[in-house]
Amino acid sequence: GIQVEQSPPDLILQEGANSTLRCNFSDSVNNLQWFHQNPWGQLINLFYIPSGTKQNGRLSATTVATERYSLLYISSSQTTDSGVYFCAATPYTGANSKLTFGKGITLSVRP
Amino acid sequence: SQTIHQWPATLVQPVGSPLSLECTVEGTSNPNLYWYRQAAGRGLQLLFYSVGIGQISSEVPQNLSASRPQDRQFILSSKKLLLSDSGFYLCAWSRQGVGTEAFFGQGTRLTVV
Numbered sequence: 001g002i003q004v005e006q007s008p009p010d011l012i013l014q015e016g017a018n019s020t021l022r023c024n025f026s027d028s029v030n031n032l033q034w035f036h037q038n039p040w041g042q043l044i045n046l047f048y049i050p051s052g053t054k055q056n057g058r059l060s061a062t063t064v065a066t067e068r069y070s071l072l073y074i075s076s077s078q079t080t081d082s083g084v085y086f087c088a089a090t091p092y093t094g095a096n097s098k099l100t101f102g103k104g105i106t107l108s109v110r111p
Numbered sequence: 001s002q003t004i005h006q007w008p009a010t011l012v013q014p015v016g017s018p019l020s021l022e023c024t025v026e027g028t029s030n031p032n033l034y035w036y037r038q039a040a041g042r043g044l045q046l047l048f049y050s051v052g053i054g055q056i057s058s059e060v061p062q063n064l065s066a067s068r069p070q071d072r073q074f075i076l077s078s079k080k081l082l083l084s085d086s087g088f089y090l091c092a093w094s095r096q097g098v099g100t101e102a103f104f105g106q107g108t109r110l111t112v113v
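As given, the protein sequences belong to chains A and B, one line each in that order.
Per this note's numbering, the first sequence starts with residue 1, numbered consecutively.
Per this note's numbering, the second sequence starts with residue 1, numbered consecutively.
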């Protein structure tokens, strides 16, 4: 099945700094999503981005489908950005939206 | 708008007891439904998915089962819990079709003691 790898596994930032989180995937995809897991465990949808670039406030994401990677950019980080960020993908030949998740990136933003 | 509800939020159960977790979706019809588990650590693993009433596909062999008695209701069950069933269980839905966006419920944290 598809492999999803995220890097770095852990990231520590000072408030106000920018960061880039990376997601590599091993096959062509028809679904690529970024999530933020809050302290209560809930997965918050950040981006649905099988290809192209999207922006939402301080966050933006780019997926280069031909090169099989996606990047999540966080600008002017805030302490509330702390948590675990997951990338998940459905392979192009897959049915429905059965997502394979990466192991996540733990982000800590210090005041 | 669509919403997904999952309950209970937390559950502590003794080994050997039964389990029933429920998930319902509102505001859409004929959704794809999914159960994921997040064990201690970070990774999420797909356990079951359903494309319609009574249609369940299992992704991994385990002590759990799933049922879909109604269009927007998805239930995760076990007859006898094991310690290894502890974890964080998340229900999700997506629209019918290939590669549609998935949305997750709030999750149930299960501790088997």
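Glycine is no exception: its CB is placed at the ideal position from the N, C-alpha and C atoms.
- For residue 10/A, the enclosing beta strand (DSSP E) starts and ends at 10-14.
- With a cutoff of 9 Å on beta-carbon distance, residue 29/A and residue 99/B are scored as near each other.
- In this chain, residue 59/B is not harboured by any beta strand (DSSP E), its DSSP state being neither H nor E.
- Straight-line spacing of the CA atoms in residue 95/B and residue 14/B works out to 36 Å.
- Its chain contains 38, 107 and 109 as the residues whose beta carbon lies nearer than 6 Å to that of residue 88/B, once the 5 sequence neighbours on both sides are disregarded; these appear in chain order.
- By the neighbour-count criterion, in which a residue is buried when 16 or more other Cβ atoms sit within 10 angstroms of its Cβ, residue 63/A is buried.
- With respect to residue 22/B, residue 104/B sits apart: the two C-beta atoms are not nearer than 9 Å.
- Judged by DSSP in its simplified three-state form, residue 101/B adopts coil rather than helix or strand.
- Taking the CA atoms as reference points, residue 49/B sits about 21 Å from residue 103/A.
- Going by C-alpha positions, residue 20/B is about 7 Å away from residue 78/B.
- Rounded to whole angstroms, the Cβ separation of residue 16/A and residue 77/A is 7 Å, and the two are in contact under 8 Å.
- The DSSP-derived three-state label of residue 97/A is coil.
- Secondary-structure assignment with DSSP links residue 34/A through a beta bridge to 47/A and 87/A.
- Scanning its chain for C-beta atoms nearer than 7 Å, with the 5 sequence neighbours on each side dropped, one finds around residue 112/B the residues 13, 15, 81, 82, 83, 85 and 86, in chain order.
- Nearest in C-alpha terms to residue 18/B, of all of 102/B, 57/B, 76/B and 25/B, is 76/B.
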